[in-house]
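Okay, so the sequence shown: first residue is 44 according to the working numbering, each after it adds one. The beta carbon of each residue, even a glycine, is placed where N, CA and C say it ideally should be. All figures in this text were calculated on a predicted structure; none of them were measured in a lab. One structure below.
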Amino acid sequence: MNQRIPSTQVFGLNSITLLVIGALGLSFNSQAACTQSAGAGSGIGGLVANGGSQCEVSLNNGTMENLSTDTVSIMVNASGTNTKVNFTDDNVYLINNIGSNGKNISAKNTSAVNFSGNLSVLMSGVAPSQNYGILLQDSGSVYVEKDLLISGNAAGSLINALGGSLNVNGNTKLSIMDPSFGGAIIVAGPTLSDAKLNFGGKTEIINKSEASTAILMHGTSLLSFNELEFSSSGYNMDMSVNHDSAIISTGKTIINSGKDVVLNVNTSDISKGLISFGESQNIIDEQLNNRSHTLVNIGANASVKNNLSDATGIRITGGTATTLSDIIVKGTVDVRNGTAILGNGNGIERVTLEGGSVYGAINLGKGDDILTANRGMIDGEIVMGRGSDTLILNPGIDITQLVKANGNDPMYSQADDEINQIQANGLHFIGYTSLAGNNNQGTNYANWDSITLNDGASLTLSGDLFESTEDRNRTLTINNTSSLLHQNGMPAIDRTIYGNLNNEGNVILSSNNMAGDLMTVTGNYTGNNGSISFDTVLGDDISLTDHLTIMGDTSGTTKVRVNNVGGEGALTTNGIELIQVGGASDGQFVKEGRIIGGAYEYFLKQGNNTENKNWYLVSEIVPVGPTDPGKPTEPAEPEGTIDPIIRPELGSYIANLATANTMFVTRLHDRLGETQYIDALTGEKKVTSLWLRQIGGHTRSRDSSGQLKTQSNRYVVQLGGDIAQWSSDNLDRYHLGLMAGYGNSHSNTNSHRFDAGSRGTVDGYNVGLYGTWYANDIDNNGTYVDIWAQYSWFNNTVKGDGLNSEEYKSSGVTTSIEAGYTYKLGTRTEDQVSYFIQPKAQVIWMGIEADDHRESQGARVTGSGDGNIQTRLGLRAYRHGHSTIDNDKDREFEPFIEANWIHHTHDFGSAINGNQFTQNGTKNIGELKVGIESQWNKNVNLWGNVGVQVGDAGYSDTAVIFGMKYNF
């Protein structure tokens, strides 16, 4: 059918409706022809397709236009069962100047209206009422192959899907143009409807009406977008889901420029509504198939934006105490001048931030709400409102931009009878109760009842914590990886926790390296192997220190760490008070690690009677009981004794200096391994030699306090040789030689007063020159004189248990003069074995000094005893000869025994901050030495001996020497 209908032709009686169909008419190609009709009363169908109709429609110029405003009109009315109307034009324009209850396209029952090209619907009525661009009912459907445009003024809605489906493959633009009219842009169904609307391309929704709503979903309806963009002239752009309806978008979604850009979820009927933007299809399918409650999901590719004041981004309304709503943000919610997320309902709102950004306030209103911030950023404030609320802050969240807004604090919970709790996981933040006039210094926790720090979280107090009301049982819990800190950089800070403190982690009062910070816990304190760190000027009883006051009871075990901030150590009487306990003092506070001040070791001790429940740092006695978990019980100090506890590192410093001064000390026989005649080779006037000696030694000593016991092991190797020999009268002989050596020593010092030790090392070199004169080189009798001088330099370390390793250097000159006289007692005739006795004396000046050293914890260490003069008086007895089996082999043996008395004018020692202690028992030492020296042949000499020295106070030294010399 081809028919042209003039633009002035009137259909129906009384001129109620004027329908103009194109300038060139309308054509049908159908099995049961669609009809053109006009009528009055209940309505007119410009193009009517009844039951069973299947027709193709071709519009000349693609336009259908209705100019009448007098009655109900329907431009395209497909209402029959299985009816299909297919528009074949590339572009279809439906222009309807509707009056009231008008519809451009109506698809009912199982009818379908399909457009193979673009569709434009223009609604131009002056005073519309309940008018629709597209009306879907029951299982009716509309399909648009390309782009869809619906624009106009509607008191009803541009799209009203009471059921059925709408599919648009191309882009879509939906606009309400007149600010005087109000309606909805998209409405999907009543409570039980099952409408499905799918927009495949980019969808733009424009609202210029203050009274209009963007999208309103009911029942089990589904609205699907690929990409969505909102824009308006300052009017509302609400998107609401009720019951089990859903609005989804898999592509990039941008919502912007509205007065109220609102994703609104009505939970009043325990809705299972879904709004999900910017997610992949498989995630959305999973959300659709597994809905058990309301969900708003802003995916990584989606953003909800509004820059106008007092705007709202996501809003939950209605609900009961058991209603559950989830809001998940992976993208951006940017309502920085208003409320980004608003929970007005009475139900439970669970907000989860998973890598997105929220600009603006999060205000969850009533109900037992939960805000979990896993990753991303919150720029604004958090208001949890009434109910038993939980705020969970995980390591990936950035809350550094939280500021006060709307008169509330950055993280605020409304005061009520419910329990409000914060779980901070792996996060650092600042908290206070009152800090007037400063919006960026932390969060007021006055109305929070429980704060838990987990997974490396830290809370820095820039003010008091909780609120000073006695009717609340508030608690701060710190897990074993987390910390509570005083604010950095300010001395003498006073902070109060109005409630209980459960400490499994770290309470750090020592964060500013300044003593004097105060903390008060008004409730009970429980230690679960947590720790408390104090800054203390370690000295006497009145020393300045950080301090903890617990007004309630104490229980459990807590480790105490003390950072010395400039204290030089001193003798205490009662001690330095660290912890004051007001209630039952059942908790145990034990020191962790070393607490040192200068030369003194400090310990933690509880008051000694029921009236004194406090804990003190003491340096004068060792408390009964373990100082650290797992350590053995330590002895009590004898009654009436007040002595300082000396650090074991002092023993290491002393041992290092004593070892450096004595390590390369040598004697004539240690170096040459001979009496004065062994080197003479018949017929040779000059002989050169090369000698090597090695020493291994072990020393035991105590310090002058009697508290420290040191054991050390040393190894020394020296190499030397004559560079010249001569005689002045053919009887005497002179030797001149050079020598050099390497030595190292390792010592261990332990205190018998407590279980701690120190290790010292000395590692160094020396070079020297020696000269020897023998008065009678022929008959083996007479005087000898031996002189030497050496320069030595060393690297030293001291490493105390639990302390940093201390490194310093020492160096200096050592000189000696030794003299003796050899008497031949006789010769045994049968084997020509001769017997000798040799008195001798030696004076050694020891000038090796240790550099003054400042330890890492600030103590000054100086050495003493350099300039010591060691004198030795001794007697050596030996025999010289060989057995008959060594006849004619140039082999001689000389076993000996030697006794010496050794005296020192100074004791080697060290001072820490002026407190001097020395090596004890070395003033006078007795020595016994046995060994053998031999001439193996004319060229090789070998010798070895063992010497033992014994002094007072447990001092002893054992040395083993082995040497050899080769004569050239």
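In this structure residue 834 touches residue 856 by the C-beta definition: roughly 5 Å separates them, less than 8 Å. Judged by DSSP in its simplified three-state form, residue 714 adopts helix. Inter-residue distance for residue 958 and residue 757 is about 28 Å (C-alpha atoms, whole angstroms). Contact annotation: residue 230 and residue 200 have beta-carbon atoms nearer than 8 Å.
Under a 10 Å Cβ-count criterion, residue 642 is classified as buried, with 16 or more other Cβ atoms of the shown protein chains found around its own Cβ. Close CB contacts of residue 131 within its chain, under the 6 Å cut and outside five residues either way in sequence, are with 99, 101 and 159 (chain order).
Fewer than three Cβ pairs drawn from the region 859 to 878 and the region 596 to 603 lie within less than 8 Å of each other, which leaves the two stretches out of contact. When the beta-carbon positions are compared, residue 355 and residue 331 stay at least 8 Å from each other. In summary, residue 989 is exposed, with fewer than 16 beta-carbon neighbours lying within 10 Å of its beta-carbon over all protein chains present.
With respect to the 8 Å criterion, residue 536 and residue 508 are not classified as neighbours on the basis of their beta carbons. Residue 780 and residue 696 have their C-alpha atoms roughly 34 Å apart.
Across the set 901, 869 and 883, the C-alpha of 901 shows the shortest separation from the C-alpha of residue 608.
Cα atoms of residue 424 and residue 490: separation of roughly 15 Å, rounded to the nearest angstrom. When DSSP states are grouped into helix, strand and coil, residue 703 belongs to the helix group. Per DSSP, residue 328 is one residue of the alpha helix (DSSP H) stretching across 324 to 332.
Burial check for residue 1009: the Cβ neighbour count within 10 Å stays below 16, so the residue is exposed. Its Cα nearest to that of residue 530, the residue 502 stands out among 502, 511 and 521. Counted as a single uninterrupted DSSP element, the beta strand (DSSP E) harbouring residue 864 occupies residues 848 to 871. Using a C-beta cut-off of 8 Å, the region 947 to 954 makes contact with the region 686 to 703, since at least three inter-stretch Cβ pairs fall below that distance.
Cβ contact annotation for residue 548 (same chain, cutoff 8 Å, sequence separation greater than five): 496, 521, 522, 523, 524, 525, 526, 527, 573 and 574, in chain order. Our two residues, residue 569 and residue 545, have alpha carbons roughly 5 Å apart in a direct line.
With fewer than 16 other beta carbons inside 10 angstroms of its own, residue 739 counts as exposed. Just measuring C-alpha positions, the residue of 700, 925, 174 and 134 sitting nearest residue 163 is 134.
For the options 1003, 657 and 347, the alpha carbon positioned closest to that of residue 760 is the one of 1003.
In this model, residue 858 and residue 965 are separated by some 20 Å (Cα to Cα). Setting aside the 5 residues that flank it on each side, residue 830 is surrounded in the same chain by 814 and 860, each with a C-beta closer than 6 Å to its C-beta; the list follows chain order. Straight-line measurement puts the Cα of residue 853 at about 39 Å from the Cα of residue 552. Under the DSSP assignment, residue 191 falls in the beta strand (DSSP E) whose first and last residues are 191 to 195. Residue burial annotation: residue 981 is exposed, with fewer than 16 other C-beta atoms found within 10 angstroms of its C-beta. Judged by DSSP in its simplified three-state form, residue 645 adopts coil rather than helix or strand.
Within the same chain, Cβ atoms closer than 6 Å to the Cβ of residue 414 are found at 394 and 434, the five residues on either side in sequence being excluded. Boundaries of the beta strand (DSSP E) around residue 402: 391 to 406. In this model, residue 805 and residue 554 are separated by some 36 Å (Cα to Cα). Remark: C-beta atoms of residue 165 and residue 195 approach each other more closely than 8 Å. Nearest neighbour of residue 774 by Cα position, chosen from 563, 617, 826 and 999, turns out to be 826. Residue 350 carries a coil assignment under DSSP once its states are collapsed to helix, strand and coil.
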